[in-house]
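Read the structure below first, then the notes.
Written out as structure tokens, the structure is:
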């Protein structure tokens, strides 16, 4: 998570006063921007193109936000304008905060977003005290116990406190646990864009410990995850590292192994749009999806073939190679399951034979017929047991 002043800030004569000039951001991979008191203006297209930007605050000292300051910020939703703001209006609010305006939220509603919602406010503004998380946690514990904190309500954007915290990407698991313990239904509450906190959490790149916690809680309480995981992976491929994508997929496989994901379509879509880098990342990440580890030899071979494809990805033969690589990954996973099922069946069979033989020896009964019965009838049991067990391999 990045919580700092934007690049390109220009002091205006006093250390506490500054402006964000035009085209100042260059923050493709940043999901949080924290602006501090003393900021006077946000220039035209200052944050234009911040495709992963989720959260930003507008301090009370801002007097001007120029046209298209947040142009091409498709994920910018968690916005707050200080209630004491001297900003009377935003030039073309509908285009400046297009995502906000589309769900019926006005400038005035945004400025009053956290009125009578102290838990929401704490979860949003705790970013300013990121070095005082212990204090934030203690305060949150006290707040959720008060019936007047409205922690189970939603704000003008349809967000719960858990939504707000998830957008921040905070890495303090205690805060998430506290909210979920007191407001568990918030995990499946949809905001005005139809998204749950898990959607924003995965995009804000928290620690894997927090991701595992969310997956575990979803499995325990509802048995599924309320997002299109394939779509999330495509979004992550745009601006996250291969390691983050890979381990997010492995977390999904750990808690929801039966979740169906059309990897071929996802990868083909990226290559069809000439996103060769993202396509490579997805192929490599998806090859880890069904197994616990990839051998170093296999990884070296995959990397070599990626490089060959990338050097001539528009060529017809290269596209055939892409499809062949996808099929190879599928068959590698299939072989893993076939070998595991064979081994499992042998173990189950041996268990049945041993148990049956032990009982018949005590009764001095010829077990040849019984062993034959096991061979004929045991298959029914295996058909029920093996599919359920294999889902955890």
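In our numbering, the protein residues as written are 10 to 402.
All C-beta atoms, glycine included, are put in the ideal place defined by N, C-alpha and C.
In chain order, what residues of the same chain have a beta carbon less than 8 Å from the beta carbon of residue i, not counting five sequence neighbours either side?
i           : result
residue 207 : 175, 196, 223, 227, 234, 235 and 236
residue 148 : 131
residue 214 : 10, 40, 178, 249 and 253
residue 230 : 193 and 196
residue 150 : 187
Taking just the CA atoms, how far does residue j sit from residue i?
i           : j           : result
residue 220 : residue 212 : 11 Å
residue 166 : residue 191 : 21 Å
residue 45  : residue 29  : 11 Å
residue 200 : residue 162 : 11 Å
residue 198 : residue 204 : 8 Å
residue 68  : residue 91  : 5 Å
residue 264 : residue 111 : 35 Å
residue 109 : residue 164 : 13 Å
residue 299 : residue 143 : With a pLDDT of 49 at residue 299, under the threshold of 50, the predicted position of this residue should be treated as unreliable, though the coordinate-derived value follows. The straight-line gap from Cα to Cα measures roughly 39 Å.
residue 71  : residue 116 : 14 Å
residue 54  : residue 114 : 22 Å
residue 93  : residue 262 : 47 Å
residue 271 : residue 60  : 25 Å
residue 209 : residue 64  : 10 Å
residue 247 : residue 240 : 11 Å
residue 155 : residue 168 : 20 Å
residue 2   : residue 121 : Only positions 10 to 402 of the chain appear in this structure, which leaves residue 2 out of reach.
residue 257 : residue 269 : 15 Å
residue 225 : residue 103 : 39 Å
residue 232 : residue 135 : 32 Å
Excluding the five sequence neighbours on either side, which residues of its own chain have a C-beta within less than 7 Å of the C-beta of residue i, listed in chain order?
i           : result
residue 62  : 36, 39, 40, 42, 56, 82, 84 and 85
residue 101 : 76
residue 202 : 86 and 112
residue 301 : For residue 301, the pLDDT reaches just 41, beneath the cut-off of 50, and the residue's location in the model is therefore unreliable, although a value from the coordinates is still provided. Excluding positions up to five away in sequence, the list is empty.
Kindly give me the distance between the Cβ atoms of residue i and residue j, rounded to whole angstroms, as I take these residues to be in contact under 8 Å.
i           : j           : result
residue 182 : residue 218 : 6 Å
residue 88  : residue 126 : Actually they do not touch by this definition, with Cβ atoms about 15 Å apart.
residue 216 : residue 180 : 5 Å
residue 275 : residue 243 : 6 Å
Relative to the ligand MN, is the shortest distance from any of its heavy atoms to the C-beta of residue i smaller than 6 Å?
i          : result
residue 55 : Because no ligand of any kind appears in the structure shown, any question about the ligand MN cannot be addressed here.
Which same chain residues, not among the five before or five after residue i, have their C-beta less than 6 Å away from its C-beta?
i           : result
residue 58  : 81
residue 128 : 152, 158, 160 and 170
residue 245 : 254
Can the beta-carbon of residue i be found less than 7 Å from the beta-carbon of residue j?
i           : j           : result
residue 105 : residue 79  : yes
residue 238 : residue 173 : no
Using a Cβ cut-off of 7 Å (strictly closer), state whether residue i contacts chain C.
i           : result
residue 265 : Here chain C cannot be found, since the structure has a single protein chain.
Worksheet item: Any contact of the region 185 to 201 with the region 50 to 66, i.e. 3+ C-beta pairs under 8 Å?
Response: Per the Cβ contact rule, the region 185 to 201 is not in contact with the region 50 to 66 (fewer than 3 Cβ pairs under 8 Å).
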